[in-house]
Structure formats: C-alpha cells, structure tokens
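What follows is a short report on a single structure.
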Ligand code: DGY
C-alpha cells in the first residue's frame with residue numbers, strides 16, 4: 321500500500337502528478353485554507369503533509385495525528401511549524417532552501433529601488449492625472465548607486481543581495497548572528513561586519529533577511545527605527561513580526577524614515593490598513609520568491625523531501641535539530 325499524504329494547498333499539476341506516483345494523495349483543488357480543526361481531520365491517518373506557510377503545525381495537531389511521519393514545507397522559512405514538538409513526536413520537518421536565494425535577493429533589490437525612487441507613488445500620481453508639467457523636485461528620491469547598504473541577516477539570501485550591490489558601487493555593512501568567513505565577506509562586496517546599532521545608524525538602505533524566531537519578534541521597533549537616518553529606506557523580505565508594523569507606520573507617517581518596501585506583514589494575509597494611507601511605502605503580498613521557475617523549483621524540492629522521507633531515503637533538507 322502506498323503511503324498516504326495530504327497536499328494542503330494547490331500546487332503545480334506536474335508536482336501533484338509526481339506525488340501521485342509515490343503516494344495515495346488527498347489534495348485541495350479549491351485551495352481552501354483549512355482551519356486547525358479541518359487540517360487535523362484531513363491529516364488523520366496520513367503519513368505525510370506537503371505544507372505551505374498557511375498551515376500551523378502545533379503540538380495539538382501533532383497529538384491528533386500520531387501516524388504523521390513527515391511535514392515538508394514548500395518554503396525556506398518554517399516558523400509555521402513547531403519543530404521541537406515535531407521532533408519530540410518523531411516527525412521529520414523539511415524546508416526548501418537554496419532554490420529561492422537569487423529570486424528573493426532580486427526582489428529585495430527591487431523593493432529597495434522601488435521605495436528609494438518612489439516608483440509606485442510615481443505611477444499612482446501619473447494614473448491620477450497629476451502629471452501636468454516637468455518640475456525639478458517632483459518625486460525626487462534617493463540614489464541606490466554609491467549608497468551604503470545595510471543587510472540584517474547575512475545568510476545565503478543576504479549574501480546574494482550583497483553581490484548584486486557590486487554593480488551599483490554600493491558599500492555593504494551587515495549584521496548577523498556571527499561574522500562570515502573572510503572569503504565570504506570578500507565575495508559579498510567586501511561586506512563589513514557591524515553591530516545592529518551601527519548598521520541602523522549608518523546605512524542608507526536597510527534590508528531585513530533574517531529567519532523569524534520568537535527571539536527576533538519586533539527586532540525592528542520604535543528604538544531601532546529612531547536610530548535610522550531620516551533619508552533611509554527599510555526593506556523587509558524576511559517575515560512579518562520581525563518589524564513592529566505599528567511602529568513602522570508611525571515612523572513613515574512622521575517621515576522619521578524616508579520610505580519602506582514591505583513584502584511580509586504581521587498576521588498576513590491580513591495587514592494593518594494604515595499602511596494603505598501612506599505614500600512612502602511600497603507594499604507587496606509576500607511575493608519575494610514568486611518567479612515561475614523558482615516556485616516550480618520550490619515545489620519540486622518539497623516533493624523530493626517528502627518522497628525521500630516516506631520511501632526510506634534521506635530527505636535532503638531536514639530542519640529538525
Ligand atoms: C519562504 O520560502 O519562506 C518564503 O517566505 C515564501 O516563499
């Protein structure tokens with residue numbers, strides 16, 4: 321008998337087809353987001369879960385599904401999963417690292433440039449018919465070239481962002497749990513390791529790429545925003561919850577920082593509606609990894625992990641300690 325799995329959200333048909341070759345699959349063609357109760361009911365008796373960021377894997381869910389052996393998340397982040405509880409329950413947890421590094425780095429750069437050069441604000445202005453004549457100070461923004469880029473979280477995505485900055489003659493400073501090896505710093509545009517406070521004080525543009533953990537909840541709050549230059553741009557392609565959204569909204573409204581590019585929100589897909597009243601923020605719906613090729617690669621990577629986990633192989637991307 322084939323192992324039984326639940327594919328919690330809609331995925332590429334070819335990935336689903338591949339999973340069907342190995343497993344007895346229950347899928348979710350309507351792409352409903354299951355409540356915790358419905359997820360537990362559907363997962364009962366299943367050996368594996370192909371999950372996304374919208375499924376919360378809690379001790380309660382794990383206790384209700386004792387047959388479960390593997391949870392394979394189609395994301396590099398896995399803060400939706402209680403990994404300690406999964407480990408205690410003997411459940412393998414995997415993620416999809418590497419395949420999205422470059423696409424996410426591209427998008428971090430995109431948001432930084434869009435916010436610094438006020439791209440969405442300019443488009444709204446044009447669409448609203450406000451473009452009557454050329455004026456020397458209409459929609460002036462900040463330069464990217466020659467600026468100091470501060471990267472918080474210098475993992476592989478952070479390093480990719482730093483490499484992109486070489487073509488823009490930027491200087492890179494970074495803050496991370498630990499300092500990178502000298503050869504990695506050299507490849508990352510000779511990035512210089514600094515304290516978080518120095519980074520916030522001196523960077524022209526700050527990009528957040530740290531994985532979420534409860535210890536980093538609101539790591540950017542009122543005190544941190546107060547350290548930033550009034551001309552600075554803040555970009556978050558990491559996770560909602562890293563930034564205190566209410567504090568960011570206040571800083572943007574009072575122009576204590578110049579702008580922001582935000583792809584992730586506390587409580588998404590809900591978000592603080594006050595963001596919508598601000599012209600100095602570029603808002604996107606958690607799409608940093610959303611190129612077609614990368615989303616396909618993420619789906620295949622999650623499938624590789626699930627197939628290995630339930631057919632006696634070694635999943636390539638286990639995150640249990
Ligand atoms: C991830 O992979 O963690 C992203 O946030 C979703 O693509």
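Residue numbers (the working numbering): 321 to 641. Glycine included, each C-beta is placed from N, C-alpha and C at the ideal position. All values derive from a computational prediction rather than experimental measurement.
- Short of 6 Å from the beta carbon of residue 492, and not among the five residues preceding or following it, lie these beta carbons of its own chain, in chain order: 469, 482, 485, 509, 511.
- In this structure residue 420 is in contact with residue 614, their Cβ atoms being roughly 5 Å apart against a cut-off of 8 Å.
- For residue 392, the beta-bridge partners assigned by DSSP are 370, 414.
- Distances from the alpha-carbon of residue 547 to those of 563, 534, 569, 576 put 576 closest.
- If you look at residue 479, you'll find it in the alpha helix (DSSP H) that goes 476-484.
- In this structure residue 390 touches residue 629 by the C-beta definition: roughly 4 Å separates them, less than 8 Å.
- For residue 357, the closest C-alpha among the options 623, 435, 378 is that of 378.
- Looking at the DSSP output, residue 580 shares a beta bridge with 554, 601.
- For residue 344, the secondary structure class from DSSP, reduced to helix, strand or coil, is strand.
- Assignment of residue 507 by DSSP, reduced to helix, strand and coil, places it in the helix class.
- For residue 397, the Cβ falls inside the 6 Å cut-off from some heavy atom of the ligand DGY.
- Of 372, 365, 368, the smallest CA-CA separation from residue 330 is found for 372.
- Not one heavy atom of the ligand DGY lies closer than 6 Å to the C-beta of residue 372.
- A straight line joining the alpha-carbon of residue 592 with that of residue 582 spans about 12 Å.
- Excluding residues up to 5 positions away in sequence, 342, 343, 344 lie with their Cβ nearer than 8 Å to the Cβ of residue 322 in the same chain.
- Taking the Cβ atoms as the reference, residue 425 lies roughly 3 Å from residue 480, within the contact range of under 8 Å.
- Each residue's CA atom was taken as its position, placing residue 363 and residue 619 some 20 Å apart.
- Relative to the ligand DGY, residue 533 has its C-beta separated by 6 Å or more from all heavy atoms.
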